[in-house]
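K.L.:
The structure's right below; bear with me while I get my questions together.
Number of protein chains: 2
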Amino acid sequence: MEIRGYVEEHRERFLSELVEYCRIPSVAAAGTGLEEARGFATEQLERLGATVTPLDVPGARGPAILGALGPASAPRTLLIYNHYDVQPPEPLDEWDSPPFEPTERGGALFGRGVADNKANFLSRAQAVEAWLATRGDLPVRILWLLEGEEEIGSPSLPDVCRQHGHLWSGADGCLWEAGYKDQAGRMVLYSGLKGLAAFELTARCASSDMHSSWATLVPNAAWRLVWALATLKDRDENILIDGLMDAVAPPTPAERRFVEQIPYDDEAFRVAHGVPEFVTGVTGSDALMRHLYQPTCTITGLSSGYSGPDMKTVLPSVAVAKVGFRLVPDLTPELVDEMLRRHLLETGFEDIEVTTLAGERPAPGQVESAVVRSALAAVEDVSGVAPVLWPHMAGTGPMYEVCAQYGIPAVGFGTGYFGSLVHAPNENVRLADYFEGIEVASEFIDRFASITGYRPM
Amino acid sequence: MEIRGYVEEHRERFLSELVEYCRIPSVAAAGTGLEEARGFATEQLERLGATVTPLDVPGARGPAILGALGPASAPRTLLIYNHYDVQPPEPLDEWDSPPFEPTERGGALFGRGVADNKANFLSRAQAVEAWLATRGDLPVRILWLLEGEEEIGSPSLPDVCRQHGHLWSGADGCLWEAGYKDQAGRMVLYSGLKGLAAFELTARCASSDMHSSWATLVPNAAWRLVWALATLKDRDENILIDGLMDAVAPPTPAERRFVEQIPYDDEAFRVAHGVPEFVTGVTGSDALMRHLYQPTCTITGLSSGYSGPDMKTVLPSVAVAKVGFRLVPDLTPELVDEMLRRHLLETGFEDIEVTTLAGERPAPGQVESAVVRSALAAVEDVSGVAPVLWPHMAGTGPMYEVCAQYGIPAVGFGTGYFGSLVHAPNENVRLADYFEGIEVASEFIDRFASITGYRPM
């Protein structure tokens, strides 16, 4: 309760710090405000007594930093991952208040980056401040990794981890960047992420487009691409690439239990998105199991020939598809890359050019880890509402690079809510969630310091 | 020989008339110069003694006209089809002289529309002039149909034919708009055209694009479209639409003989267009037979999701393909339309929306008709070089509307050559071909007046 009192007492200053941080237009895509935002975060950490180390790597637009605080002799080390960059604010005319003039309205603070990811960073920093002010020394060592390129796909992070990962590779758990509350007011936690492998497939059949009357004789790149794609996945959503599904690990019984506890109204979701039926006709918790534990093979883009109004009698010489795979353990981008190329060779599509666009390994959820159990307990204790645990999220992020490759279990929770409009105009956090988040973070530190079990034992 | 002498004598005026006609920027797509070009053609026909009737239909941008000349009592009637509109001249900076300032260079006249279709019209008109001046009354009745919307797909022509077709439906043969000489100096004739049916296929799976992590559950419009397309034609180029191939009529023995006589270097063609191998591996005269007597099912456009640089993790809610069919007898656009829709229903793709974009019936070649035999004889007689007859062309035009629906056999020949750059910058005709074309047209009229056989008998 001393934490709650401290938060009440410093409410105005805490909020004004958040406003100050959100005023900085640290858009990684545009390369603006990154140094200023990094300076703000560095100063926050240094005020808490942290030693802040720049994690320089060549070519970084938004260099990472590592703050170290708390007793070096503490028995446990908590890694925290946040980012100081934000999404571009466009489209500007859809904002009800300017994106970089944080504005309080109806109990929420509106501004670009407030939910993703500035309120999460700052509520955690203020939790440490409250702890230090009310309870003395931190009970854990904290290593705080902040990067400035998350919103452009963390291009420098693999290099940062390769060169500097030894600085945090021994951490006992990681508090991941963010989290949110659902419509029922339950905080949603997660402990892993899917991976990603993305490719461009190109069919080329002639040196230039020709008149479509030649389709009798001249191969059509669009057809060639369609036939090649049709060998990758069938109408019943079976991925046909040899060996790919063999690498998919089933969920553990514990994961299955957590998934079954996730409240999920698939009918409401389908209505909201205009989807008459989910693929394969799956419903209920089977749908969630599929969502979390199955890989995907997705055409994200198709283009060939003429696509304007009416028609042109053209025989396309080039056709391009973008194909993305969401990866679950034990699929890796390297494995999918190799399997996809071999599949095209073996099915007679050796002429299809494959360009690798992106790759990120999955980070398996660790539902029985100390960091997850500490988070679940802290949330329920502070808010009085049992949280929901997603063993992992269906999205992708650099959790493998930062945590999983070192065997560090991770948990994500934070100060957003279902209406935070992350990446969209009018991004916001509710102030009540924000101040509660400070308490949750503080309680989480307390729990993590004393919990026994997986990894901290 | 009296015709040749007359042409020699009036060479300068004939050429200046062609220059004058080609100065008129009668671009149907832009709606410019159409009235002026129609006026020029009308005046040319009236100078020959023709009665010119406007063939008005509502909404026509470039109204058609019908000139009638020669004795109404002549035993035979020749229909001539030309158009007074031209393609847009763009890209302008690729022209060596301005497109609407006709320029003589290296024995050729350069200008937009000279080959397609102004030199053809005018050489025929000048042939009639030469005949009248040197031989007296025309030996045939001539009905001369000119339209002004050919380069935008002849949108008014079906209405023109419906309302006014009775004016020419009794014609004994038709001289079609154009033709060319090949690299060996042989005039290339043809007597039919393929038809066309074009559609837009649209798959819709959700009310908006979604994050690609939802691909586990939410149907992907791009996949749906790919699977639907893959049911239309297999990798071996077999069109799989039920009943479609049953409607394809085989060539007659006479047509087969003409195709076997067409000189055709498929290796040179493949090298020129960067095509390692024709579809199904076909070569030589088998390739030509396939080109002329097989229908096509061609993807002319594909679009879905994100197609820019790099990637976006998007799950496309909409995917669109444009699909065009080239039709041989006895396929009609109406038949293909019905078969395609039924095919999608029967293969479980009732969700794919089908929009009909265009339809044109094929005009079967009539290789044994009087009009074709007259043309073959006239060309060989005037030029001393045996022509090549393509029973029909692989392209499409309104020959069904104008001729085939009334059972009028047609032949195409004209004053272009392999280097005429039709529809491209630096369009041109060789002047020697042009003046020879006047003689060929005159000789053709003579032959057609006296030949016996199919239709004129």
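Chains as they are written, first to last, in this note's numbering: chain A, 9 to 465; chain B, 9 to 465.
In this text, a Cβ means the ideal position worked out from N, Cα and C, and glycines have one as well.
#1: Looking at chain B, is there any beta carbon in it that lies within less than 9 angstroms of the beta carbon of residue 456(A)?
#2: For residue 176(A), which three-state DSSP category applies?
#3: Return the first residue and the last residue of the beta strand (DSSP E) that residue 208(A) is part of.
#4: Is the beta carbon of residue 326(A) less than 9 angstroms from the beta carbon of residue 418(A)?
#5: Does the Cβ of residue 447(A) have 16 or more other Cβ atoms within 10 Å, making it buried, or fewer, making it exposed?
#6: At what residues does the alpha helix (DSSP H) containing residue 309(B) begin and finish?
#7: Any idea which residues DSSP pairs residue 364(A) with across the strands?
#8: Residues of the segment 81-94 of chain B in Cβ contact with chain A at a cutoff of 8 angstroms, in chain order, please.
#9: Starting from residue 263(A), trace the alpha helix (DSSP H) both ways and give me its first and last residue.
#10: Is it buried or exposed for residue 246(A), if we count other Cβ within 10 angstroms and need 16 for buried?
#11: Would residue 455(B) and residue 385(B) be called neighbours here (beta carbons separated by less than 9 angstroms)?
#12: To which residues of the same chain is residue 402(B) closer than 8 angstroms at the C-beta, ignoring the five residues directly before and after it?
#13: Determine the DSSP secondary structure at residue 293(B), reduced to helix, strand or coil.
#14: Tell me residue 75(B)'s beta-bridge partners as DSSP assigns them.
#15: Taking only beta carbons into account, state which residues of the segment 330-362 of chain B come closer than 8 angstroms to chain A, listed in chain order.
#16: Got a sec? Which residues, its chain only, sit under 8 angstroms from residue 354(B) by beta carbon, not counting five neighbours each side?
#17: Per DSSP, residue 90(B) forms a beta bridge with which residues?
#18: Relative to the alpha-carbon of residue 226(A), which residue among 324(A), 141(A), 83(A), 287(A) has its alpha-carbon at the smallest distance?
#19: Could you name the residues that DSSP lists as bridge partners for residue 219(A)?
#20: Could you list which residues in chain A have their beta carbon closer than 7 angstroms to that of residue 314(B), in chain order?
#21: Please work out which residues of its chain come closer than 8 angstroms, Cβ to Cβ, to residue 219(B), disregarding the five sequence neighbours upstream and downstream, and give them in chain order.
#22: How would you label residue 400(B), buried or exposed, when you count the other beta carbons within 10 angstroms and need 16 or more for buried?
#23: Do you know offhand how far residue 240(B)'s Cα is from residue 313(A)'s?
#24: Of all Cβ atoms in chain A, is any one closer than 9 angstroms to the Cβ of residue 195(B)?
#25: Do you know offhand how far residue 223(B)'s Cα is from residue 258(B)'s?
#26: Would you kindly check if the distance between the Cβ of residue 165(B) and the Cβ of residue 159(B) is under 9 angstroms?
#27: For the segment 180-211 of chain B, which residues have a beta carbon sitting closer than 8 angstroms to at least one beta carbon of chain A?
#28: I want to verify the contact list: residues of chain B whose CB lies under 7 angstroms from the CB of residue 246(A), in sequence order.
#29: Between residue 253(A) and residue 410(A), what straight-line distance do the alpha-carbon atoms span, to the nearest angstrom?
#30: Where does residue 119(A) sit, in a helix, a strand or coil, going by DSSP?
#31: How is residue 272(B) classed by DSSP in three states: helix, strand or coil?
#32: Under a three-way DSSP split, which group does residue 334(A) fall into?
#33: Sorted by chain position, which residues of the same chain lie with C-beta nearer than 7 angstroms to residue 291(A)'s C-beta, five sequence neighbours on each side aside?
#34: Quick check: the Cα distance between residue 350(B) and residue 305(B), rounded to an integer number of angstroms?
#35: Tell me whether the beta-carbon of residue 366(B) lies closer than 9 angstroms to the beta-carbon of residue 204(B).
#36: Pair every Cβ in the segment 181-191 of chain A with every Cβ in the segment 423-434 of chain A, then say whether three or more of these pairs are closer than 8 angstroms.
P.N.:
Inspection of the coordinates gives the following:
#1: So, not an interface residue.
#2: Taken through DSSP and simplified to helix, strand or coil, residue 176(A) comes out as coil.
#3: Counting along the chain, residue 208(A) sits inside the beta strand (DSSP E) bounded by residues 201-212.
#4: no
#5: buried
#6: Run containing residue 309(B): none in the alpha helix (DSSP H); it sits in the beta strand (DSSP E), 306-313.
#7: Paired residue(s): 207(A).
#8: none
#9: DSSP places residue 263(A) inside the alpha helix (DSSP H), whose first and last residues are 261-269.
#10: exposed
#11: yes
#12: 202, 299, 300, 334
#13: Reduced to three states, the DSSP call for residue 293(B) is helix.
#14: 60(B), 152(B)
#15: Residues 330, 332, 334, 356.
#16: The beta carbon of residue 354(B) sits closer than 8 angstroms to those of 250, all from its chain and outside the five residues before and after it, given in chain order.
#17: 154(B)
#18: Proximity to residue 226(A) across 324(A), 141(A), 83(A), 287(A) peaks at 324(A), based on C-alpha coordinates.
#19: 322(A)
#20: Near residue 314(B) (Cβ distances below 7 angstroms), the residues of chain A are 308, 309, 330.
#21: If we look at residue 219(B) and ignore the five residues flanking it on each side, its Cβ neighbours are 321, 322, 323.
#22: buried
#23: Straight across, the Cα-Cα distance linking residue 240(B) with residue 313(A) is about 18 angstroms.
#24: no
#25: CA-CA distance, residue 223(B) to residue 258(B), rounds to 47 angstroms.
#26: no
#27: 202, 204, 206, 208
#28: Going along chain B, no residue has its Cβ under 7 angstroms from residue 246(A), so there is no contact; the nearest lies around 12 angstroms.
#29: 26 angstroms
#30: Under the three-state reduction of DSSP output, residue 119(A) falls in the coil class, being neither helix nor strand.
#31: coil
#32: strand
#33: 274
#34: 16 angstroms
#35: yes
#36: In this structure the segment 181-191 of chain A touches the segment 423-434 of chain A; the number of beta carbon pairs closer than 8 angstroms is three or more.
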